[in-house]
Amino acid sequence: MKVFYGASQDALYNNLQTTLQKMRLKKAAAVALDSKSGGVLAMASFPSFDNNLFAQGFSSKDFSGLLGDATQPLFNRVISGQYSPGSTVKPLIGSVALQEKVVMPRTTIFDPGQIMLVNQYNPGIIYTFADWKAHGVVDIYSAIAESCDVYFYTVGGGYGNIKGLGIEKLEKYFKLFGFGADLGIDLPGENNGLVPNEQWKQQIKKEDWYTGDTYHISIGQGDLLTTPLQMAAATAAILNGGKVLRPRVVDKIIDSDKNVVNTIEPKVLRQDFIDQANLDVMKKAMRQTVTEGTAQILNDLPVATGAKTGTAQVAGNNNPNAWGVVFAPYDDPQMVIVVLVEGAGEGSQVAMPVIKETLKEYYKQ
5 MKVFYGASQD ALYNNLQTTL QKMRLKKAAA VALDSKSGGV LAMASFPSFD NNLFAQGFSS
65 KDFSGLLGDA TQPLFNRVIS GQYSPGSTVK PLIGSVALQE KVVMPRTTIF DPGQIMLVNQ
125 YNPGIIYTFA DWKAHGVVDI YSAIAESCDV YFYTVGGGYG NIKGLGIEKL EKYFKLFGFG
185 ADLGIDLPGE NNGLVPNEQW KQQIKKEDWY TGDTYHISIG QGDLLTTPLQ MAAATAAILN
245 GGKVLRPRVV DKIIDSDKNV VNTIEPKVLR QDFIDQANLD VMKKAMRQTV TEGTAQILND
305 LPVATGAKTG TAQVAGNNNP NAWGVVFAPY DDPQMVIVVL VEGAGEGSQV AMPVIKETLK
365 EYYKQ
């Protein structure tokens, strides 16, 4: 496994920076993980600053300027930024739905473009949960590839003759995948994210939990929050046999004579909670996302990849956050790359091109 040295490491930073400049945006994050060891291959957070300033020394005025900058250049969005993950969680939920036998791989659900729920206390009130389009009949493969919301509303919160996972099982498995707690990376400032439940909503919002809340969580919206690092580590677990690994920047420690004094071994945080057969289904579904679905932009790369796009709504009138998750190569996954661009819109149109150009540079080495 080669690391993102030289041109390919620069490519991740430069491609992301170019995208931000073109869109007149400032905030983004990207991380590449070795899916087999948890090693950080590359990391970028925007806006950025020159790390060398801390070694060279700079004035208190300049430092105060960094601290007071409203765009927070000292804030590492990869490990500290907490975001709604949007549809990037669908492969995780898909694996859980298979594990709990809510659906089988070829179970089909009809998606007319929305789900409508009648208020149990007032039948005159009907709640509508929309999809981004009507997908028709889908199974788990096409639901991932086409990013079908109605499918995941159904397997998450239940609808018709499908009971759904429910919030308790969703909470359980999200936490097994590494959400809601820090992963223990060897950097300061890692945030936990948030996995909401009934008790949390009652305590924080003084409100009951409804089926609609579960629907929102099931497509990576609502109050569910993750860091880009958590998203990368969780996706890596789909590819490495179900192991959630502690991410790490340091691989080994070398003394002044270039002797290795300590080697940092991979650490498994959790494993064996999703069967391999179910992980394999998700891997194939993410491949279908590239060949037939929302990440077809990756089709002409020199290696086969798998992917999931995400477009996560944010509070207020802001544009959605653009997510992209890609693993490569498909036959023997070595890495996961996650890109998040705040306020950029569609993940397929913004995050995926950044990852594509980075992988092109990587495989030129």
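For the sequence shown, the working numbering begins at 5 and goes up steadily by one. All residues carry an ideal CB built from backbone N, CA and C; glycine is no exception. Please read these numbers as outputs of a predicted model, since none were measured by experiment.
Would you mind listing the beta strand (DSSP E) stretches within the stretch 320 to 353 that are 3+ residues and don't spill past its ends, in chain order?
325 to 332 and 339 to 345
Please list the segments of the beta strand (DSSP E) lying wholly inside the stretch 5 to 50, counting only runs of 3 or more residues, in order along the chain.
32 to 38 and 44 to 50
Taking residue 121 as the reference, which of 115, 113, 133 and 110 has the closest Cα?
Taking only the C-alpha atoms, the option nearest residue 121 is 133.
If you draw a straight line from the alpha carbon of residue 196 to that of residue 202, how long is it in whole angstroms?
19 Å
Can you pull the DSSP bridge partners for residue 115?
Answer by DSSP bridge pairing, in chain order: 140.
If you draw a straight line from the alpha carbon of residue 45 to that of residue 268, how long is it in whole angstroms?
15 Å
Counting C-beta neighbours from all protein chains within 10 Å, is the total for residue 128 16 or more, i.e. buried, or is it exposed?
exposed
Taking residue 106 as the reference, which of 167, 113 and 37 has the closest Cα?
167
Anyone know if the C-beta pair for residue 82 and residue 35 falls short of 8 Å?
With respect to the 8 Å criterion, residue 82 and residue 35 are classified as neighbours on the basis of their beta carbons.
Looking at the strands, I want to know which residues DSSP matches up with residue 264.
258
Going by alpha carbons, who is nearest to residue 368 out of 176, 273 and 305?
305
The alpha helix (DSSP H) spanning residue 291 covers which residue range?
280 to 295
Alpha carbon to alpha carbon, how far is residue 333 from residue 31? Give it in angstroms, no decimals.
28 Å
Which same chain residues end up closer than 7 Å to residue 213 when comparing Cβ atoms and leaving out the 5 residues on each side of it in sequence?
171, 202 and 205
Pull up the CB-CB distance for residue 160 and residue 87, whole angstroms please, since I reckon it's below 8 Å.
The Cβ separation is near 19 Å, so there is no contact.
Can you tell me which of 155, 296, 301 and 240 puts its alpha carbon nearest to the alpha carbon of residue 98?
155
Short of 6 Å in beta carbon distance, which residues of its chain neighbour residue 244, apart from the five on each side in sequence? Order them along the chain.
39 and 40
Between residue 22 and residue 248, what straight-line distance do the alpha-carbon atoms span, to the nearest angstrom?
32 Å
Which runs of the alpha helix (DSSP H), 4 residues or longer, sit entirely within the stretch 176 to 216?
202 to 209
Note down the Cα distance separating residue 308 from residue 217, rounded to an integer number of angstroms.
36 Å
Kindly indicate the opening and closing residues of the alpha helix (DSSP H) around residue 132.
Premise fails: residue 132 lies in the beta strand (DSSP E), 130 to 134, not in any alpha helix (DSSP H).
Do residue 231 and residue 347 come within 8 Å of each other at the CB atom, strictly closer than that value?
no
I'd like to know whether the C-beta atoms of residue 360 and residue 301 end up nearer to each other than 8 Å.
A distance below 8 Å separates the beta carbons of residue 360 and residue 301.
Suppose the cutoff is 8 Å on Cβ atoms and the five residues either side in sequence are ignored; what does the same chain contact list for residue 215 look like?
121, 161 and 162
Alpha carbon to alpha carbon, how far is residue 126 from residue 187? Give it in angstroms, no decimals.
44 Å
Considering only residues of the same chain and omitting the five flanking positions on each side of residue 240, which have a CB-CB separation below 6 Å?
37, 39 and 340
Taking the beta carbon of residue 108 as the centre, do at least 16 other beta carbons fall within 10 Å, making it buried, or is it exposed?
Taking all protein chains shown into account, residue 108 has fewer than 16 neighbouring C-beta atoms within 10 Å of its C-beta and is therefore exposed.
From 330, 322 and 319, pick the residue whose C-alpha is nearest to that of residue 303; which is it?
330
In three-state DSSP terms, what is residue 125?
coil
Could you give the DSSP three-state label for residue 367: helix, strand or coil?
Here residue 367 sits in coil by DSSP.
Taking DSSP as the reference, what is the three-state secondary structure of residue 235?
helix
Answer yes or no: do residue 295 and residue 351 have a C-beta to C-beta separation smaller than 8 Å?
no
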